[in-house]
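Each number in the numbering used here corresponds to the 1-based position in the sequence shown with 43 added. Quick reminder that beta carbons are idealized off the backbone N, C-alpha and C, glycines included. Everything numeric in this text was worked out from a predicted model, so none of it was measured. Notes to accompany the following structure.
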Amino acid sequence: MSTANTTSLLQRVVATNAGWSALALRIPVGIIFVAHGAQKLFGAFGGYGLEGTGQFMASLGLTPGYLMALLAGSAEFFGGLALIAGLLVRPAAATLVFAMLVAIFSVHIDKGLFMANNGYEFALALLAASLSLLISGAGRGSLDAMLAARGAR
Numbered sequence: 044m045s046t047a048n049t050t051s052l053l054q055r056v057v058a059t060n061a062g063w064s065a066l067a068l069r070i071p072v073g074i075i076f077v078a079h080g081a082q083k084l085f086g087a088f089g090g091y092g093l094e095g096t097g098q099f100m101a102s103l104g105l106t107p108g109y110l111m112a113l114l115a116g117s118a119e120f121f122g123g124l125a126l127i128a129g130l131l132v133r134p135a136a137a138t139l140v141f142a143m144l145v146a147i148f149s150v151h152i153d154k155g156l157f158m159a160n161n162g163y164e165f166a167l168a169l170l171a172a173s174l175s176l177l178i179s180g181a182g183r184g185s186l187d188a189m190l191a192a193r194g195a196r
């Protein structure tokens, strides 16, 4: 791929016309994803870490469980950091959309909508927020916006 094509692709990835509302979505959703990823990866915040999360995933048929836990935890933890920083938000959001779809259909769908029954409402809200950021981009107050402005010069 030529340098011009690479620059053009990067410009399309970081481009955003979203205003400050994307920031209001990115920060809290990013914090939630970082915390959930830290539970899976490090056992933080009462989580089970890679070993325990891997066993749970394997029990769902998501095998190999340890690898699936590593992938899900990494998507959530690093994707959440990307949302908070506003860096490469579209690729991070795409990864998080996929992670939430897997969570909904492998863990929560048969339990109904409500969280009280371990249903999918929370994962659906995170899916919607991630999809919104995938469409809009990072918005103002983001590293993506700064990169896009530098590339426009």
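On the premise that residue j lies in contact with residue i, defined as a C-beta separation below 8 angstroms, what is that separation, rounded to the nearest angstrom?
i	j	result
A135	L186	Not a contact, Cβ separation roughly 12 angstroms.
G180	A65	7 angstroms
G108	A101	3 angstroms
L199	R133	Residue coverage of the chain in this structure runs from 44 to 196, which leaves residue 199 outside it and unanswerable.
For residue i versus residue j, is the C-beta spacing smaller than 9 angstroms?
i	j	result
N160	V150	no
G80	A137	no
L53	L190	yes
G122	I74	no
L84	F120	yes
L131	V56	yes
L113	M143	no
F165	L126	no
G182	G62	yes
T59	A188	yes
Classify residue i as helix, strand or coil using the three-state DSSP reduction.
i	result
S185	coil
V194	The residue you asked about is not Val; residue 194 is Gly in the sequence shown. The answer is helix: DSSP assigns G194 an H, G or I state.
N60	coil
Near residue i, what residues of its chain come up, given a Cβ to Cβ distance below 8 angstroms and the 5 sequence neighbours on each side ignored?
i	result
G104	S149
V145	L105, A115
G89	Q82
Suppose the cutoff is 7 angstroms on Cβ atoms and the five residues either side in sequence are ignored; what does the same chain contact list for residue i look like?
i	result
Q98	G108
G86	G92
Starting from the C-beta of residue i, find all residues in its chain whose C-beta is less than 6 angstroms away, skip the five residues before and the five after it, and write them out in chain order.
i	result
A172	L68, V72
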